[in-house]
Amino acid sequence: MKVPRVPKVLWCLGCVWCQLLLSAGPAWAQEAPELRAHRFVLDGGVAWSGGYPIGDVDAELRSNATGSTPPAFTLFSASSEIGGAASAVARIGFTLTSRVMLEGGASFGMPHVLTDISRDTETTPQALEGEALNQYVIDGALVWHLPLRLGARLRPFVVGGAGYLRQLHEERTMVETGQIYYGGIGARYWFRGGSGTARSFGLRTDLRANVRRGGIDFENKARVFPSVLAGLFISL
Amino acid sequence: MRRAAGLVLTAVLIAASASPVGAYLKLGAPVDGRVVDVTWKAPVRYFVSEANAGTASASDLNGAIARATATWQAVASATVRFEYQGMTAAQPGMVDGRTTLGFLDRPDLDRVLGATSFLIDTTDGEIVEADVFFNSRFAWSVSPQGTPGRVDLESVALHELGHLLGLSHSALGETELTGNGGRRVIGSGSVMFPIAMSAGTIADRVLQADDIAGISDLYPAEGEVASTGGLTGRVTKNGTGLLGAHVVALNPETGALVGNFSLNGNGEFAIVRLEPGPYIIRVEPLDDADVDSFFSTAIDVNFRVTYAPRMVVAPRGGSSAPVEIKVVAK
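Line by line, the protein sequences give chains A and B. To convert a position in the first sequence, counted from 1, into the numbering used here, add 58. To convert a position in the second sequence, counted from 1, into the numbering used here, add 117.
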């Protein structure tokens with residue numbers, strides 16, 4: 059199985075988050091900023107998802123050898139992946155408590171199906187320009203704000219959820235659907251508010267590991283890819 | 118009233134080099150100024166000639182033909198029906214209203230393993246009669262495992278029956294030139310490739326995706342048209358359409374390969390009866406068999422292998438928007 063290509067920026071962000079969490083000490087919840095309980099929280103921003111392979115295939119001909127199952131003759135090979143892409147994200151959450159929030163969201167992006175051709179018997183290896191997809195994800199998640207104090211305005215959380223994936227091919231004549239499961243860490247940084255008693259707004263970032271099943275995949279395998287989200291939130 | 122007219126087409130399978138035929142993936146006949154598919158409108162009722170060859174009997178041939186007809190009939194996405202009518206003293210090639218398959222001694226055709234001839238109703242393209250001969254000059258094998266140095270009779274019967282049903286040659290194969298000016302197959306993606314595998318091989322007893330797409334196009338099973346898709350496009354060179362480019366579609370999920378040609382001066386092509394989904398499209402010059410195995414007119418083979426710039430989706434029940442594939446001279 060191929061390991062998905064993870065951009066350096068994601069590795070760097072991951073390392074920063076891990077360092078922050080490791081260096082943070084436990085604290086009382088009231089010492090860290092928090093959301094108001096039983097309120098809606100709106101998020102909007104952008105996400106960047108890493109690419110992942112979707113299958114390799116050999117274009118094989120029947121070779122001219124004796125026996126009922128002669129070895130194949132490879133005309134060419136193709137290796138395909140969904141390229142990394144940005145997407146627009148909008149979310150709405152409801153705080154069950156000041157620490158726990160249920161949220162749902164939707165995103166839209168246009169990743170490309172990229173294909174590399176190799177081992178062609180008559181031409182050199184090459185990369186196809188790729189097919190642009192319209193990709194939609196609708197998901198729901200549980201967010202738990204950790205009782206850790208990273209600063210007067212910063213609070214980490216962990217998030218886990220699942221979503222419905224819809225990928226529409228470039229000509230819009232075929233739709234492929236699947237599921238996405240994810241878990242990750244993140245943090246909110248309050249520009250204003252955070253006392254847990256009033257409206258507030260600030261910045262939210264997430265770093266996630268995603269498992270995708272279904273959708274466009276020529277080997278019908280589960281694929282793992284990273285994503286990072288950044289955006290603004292407002293707690294009503 | 119039907120009007121039967123003349124011997125219209127002859128398709129051949131050749132041991133080492135190709136001979137002229139005038140058709141493409143499917144055989145066609147001109148009807149009212151347009152070319153229509155040549156097909157059977159009823160089950161193919163055939164006789165087997167009683168003549169023996171030196172290395173195989175008429176009974177051997179009858180068995181090989183029975184297995185080959187069963188293979189074509191087993192294609193679930195097509196409705197092909199054969200009905201064996203018995204042995205006959207008649208030889209293939211006689212216009213007698215009977216479809217006859219049998220051995221024939223043709224020393225003049227020293228590279229031709231077999232050939233199919235047709236009698237076609239030129240008002241609607243229906244095949245009225247078709248005969249197949251197997252050249253008794255060759256050493257034939259009916260062994261289940263094949264026989265070194267002998268040509269597998271069932272494989273050749275499967276190919277010729279493809280012609281008999283209305284399929285022409287497929288160009289889905291790779292060859293190399295041999296010392297005697299012929300060609301040797303190094304890889305084949307279709308039983309309907311015009312050049313036979315080497316003597317002793319038996320792999321061509323099994324149809325490939327290209328054969329199945331072709332027969333499903335001619336005789337689609339119920340629901341087949343609605344459940345499959347097609348690819349359309351245009352091959353151009355220096356901005357103008359290119360006739361005779363070989364276009365191959367690869368399904369990256371199944372590995373199935375199906376080919377066709379750009380069939381007019383605009384370079385337009387269509388590949389149909391495909392499993393819906395995205396396809397990688399590869400265009401190559403027709404340089405792995407004699408051009409006249411496929412085309413009766415001159416075609417341009419001076420261009421490089423080229424891929425469509427992106428995968429193209431064959432939508433269920435329809436065809437893709439045309440994709441242009443620009444090739445350049447070698």
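Glycine included, every Cβ here is placed at the ideal spot set by N, Cα and C. This one's a predicted model, so the numbers in the text were calculated from it and none came from an experiment.
Excluding the 5 residues preceding and the 5 following residue i in the sequence, name in chain order all residues of the same chain whose CB lies nearer than 6 Å to its CB.
i, result
"B/S194", "S333, A338 and E341"
"B/S272", "D321 and R322"
"A/R246", "R213, G260 and R262"
"A/A90", "R207 and R213"
"B/A373", "A326"
"A/A289", "Ala is not the amino acid found at residue 289 of chain A; the sequence shown has Gly there. Excluding positions up to five away in sequence, the list reads D101, G102, G103 and R262."
"A/G273", "L223, Q225, E234 and G236"
"A/S81", "Residue confidence is low: A/S81 scores 48 on pLDDT, short of 50, so the model does not pin down where it sits. No coordinate-derived value is stated."
"A/Y194", "F166 and R224"
Where residue i and residue j are concerned, what is the direct C-alpha to C-alpha distance, given to the nearest angstrom?
i, j, result
"A/S165", "A/V158", "22 Å"
"A/L172", "A/Q237", "21 Å"
"A/F152", "B/P395", "41 Å"
"B/L218", "B/M204", "10 Å"
"B/L178", "B/N383", "44 Å"
"A/W106", "A/A146", "9 Å"
"B/G214", "B/A247", "9 Å"
"A/D264", "A/I243", "6 Å"
"A/R20", "A/G221", "No information on residue 20 of chain A is available, as it lies outside the stretch 59 to 294 that chain A covers here."
"B/Y163", "B/E200", "6 Å"
"B/I388", "B/F310", "17 Å"
"B/T371", "A/G163", "35 Å"
"B/I329", "B/K158", "19 Å"
"A/M232", "A/G113", "19 Å"
"B/V148", "B/G242", "7 Å"
"A/D178", "B/D417", "21 Å"
"A/I150", "A/G167", "19 Å"
"A/T255", "A/A136", "57 Å"
"A/G109", "B/V422", "29 Å"
"A/E92", "A/F291", "13 Å"
"B/A140", "B/L360", "Below a pLDDT of 50, predicted positions are generally treated as unreliable, and B/A140, at 34, falls in that range; the measurement from the model is reported next regardless. Cα-Cα distance, rounded: 13 Å."
"B/L294", "B/S436", "37 Å"
"B/Q202", "B/G279", "19 Å"
"A/N268", "A/R281", "8 Å"
"B/A191", "B/L324", "10 Å"
"B/G434", "A/H227", "16 Å"
"B/M314", "B/L226", "18 Å"
"B/A133", "B/A343", "Note that B/A133 has pLDDT 27, beneath the 50 cutoff, so the model's placement of it is unreliable and the number below is only indicative. The straight-line gap from Cα to Cα measures roughly 40 Å."
So residue i and residue j are supposed to be a Cβ contact under 8 Å. How far apart are they, rounded?
i, j, result
"B/G306", "B/I442", "Going by Cβ atoms, the distance from B/G306 to B/I442 rounds to 19 Å, so no, they are not a contact pair."
"A/S176", "A/P169", "A/S176 to A/P169, Cβ: 22 Å. No contact."
"B/V153", "B/R198", "B/V153 to B/R198, Cβ: 21 Å. No contact."
"B/A431", "B/P393", "6 Å"
"B/G180", "B/V259", "7 Å"
"B/W60", "B/A173", "Because chain B is modelled from 118 through 447, residue 60 of chain B falls outside the range shown and cannot be assessed."
"B/L391", "B/T357", "Actually they are not in contact, since the Cβ atoms of B/L391 and B/T357 sit about 27 Å apart, beyond 8 Å."
"B/G231", "B/V249", "6 Å"
"B/V429", "B/V444", "The Cβ separation is near 16 Å, so there is no contact."
I'd like to check one pair, residue j with residue i: are the Cβ atoms closer than 8 Å?
i, j, result
"B/I319", "B/T292", "no"
"B/H286", "B/F386", "no"
"A/S45", "A/R97", "Since the first residue shown for chain A is 59 and the last is 294, residue 45 of chain A is missing from the structure and cannot be characterised."
"A/L186", "B/Y424", "yes"
"B/T156", "B/G283", "yes"
"B/A362", "B/S379", "yes"
"A/Y240", "A/R211", "no"
"B/A438", "B/N419", "no"
"A/V216", "A/A199", "no"
"B/T216", "B/Y336", "no"
"B/I397", "B/P369", "yes"
Short of 7 Å in beta carbon distance, which residues of its chain neighbour residue i, apart from the five on each side in sequence? Order them along the chain.
i, result
"B/P224", "R254"
"B/G206", "A small fix is needed here, since residue 206 of chain B is Ala in this sequence, not Gly. Result list for B/A206: E167, in chain order."
Closer than 8 Å by C-beta to residue i: which residues in its own chain qualify, once you throw out the five before and the five after it? Chain order, please.
i, result
"B/A175", "V165, S166, E167, A168, N169, M204, G219 and F220"
"B/R120", "The predicted position of B/R120 is uncertain, since its pLDDT is 27 and thus under 50; a value taken from the coordinates is nonetheless stated next. Excluding residues within five positions, the ones whose Cβ falls inside 8 Å are D238, T239 and T240."
"A/C76", "Residue placement at A/C76 cannot be trusted, given a pLDDT of 49 that sits under 50; what the coordinates show is reported in the next sentence. Nothing listed; no residue qualifies."
"A/A295", "Outside the displayed range of chain A (59 to 294) lies residue 295 of chain A, so it cannot be described from this structure."
"B/A406", "A135, H286, A288, G290, T292, R300, F310, P311 and I312"
"B/Q262", "I319"
"A/S156", "A87, E92, L93, R94, A95, H203 and G254"
"B/T188", "L275, R322, V323 and L324"
Minimum length 4: unbroken alpha helix (DSSP H) runs contained in the region 326-367 of chain B: 326-335 and 341-344
Complete beta strand (DSSP E) runs within the region 380-433 of chain B (minimum length 3 residues, chain order): 385-391, 394-401 and 429-431
Entirely enclosed beta strand (DSSP E) segments - the region 212-255 of chain A, minimum 3 residues: 212-226 and 233-250
Every unbroken beta strand (DSSP E) within the region 137-193 of chain A, with a cutoff of 3 residues, ordered by chain: 143-153, 158-167 and 170-176
Runs of beta strand (DSSP E) lying entirely within the region 272-337 of chain B, each at least 3 residues, in chain order: 290-294 and 300-305
Runs of alpha helix (DSSP H) lying entirely within the region 155-225 of chain B, each at least 4 residues, in chain order: 175-190
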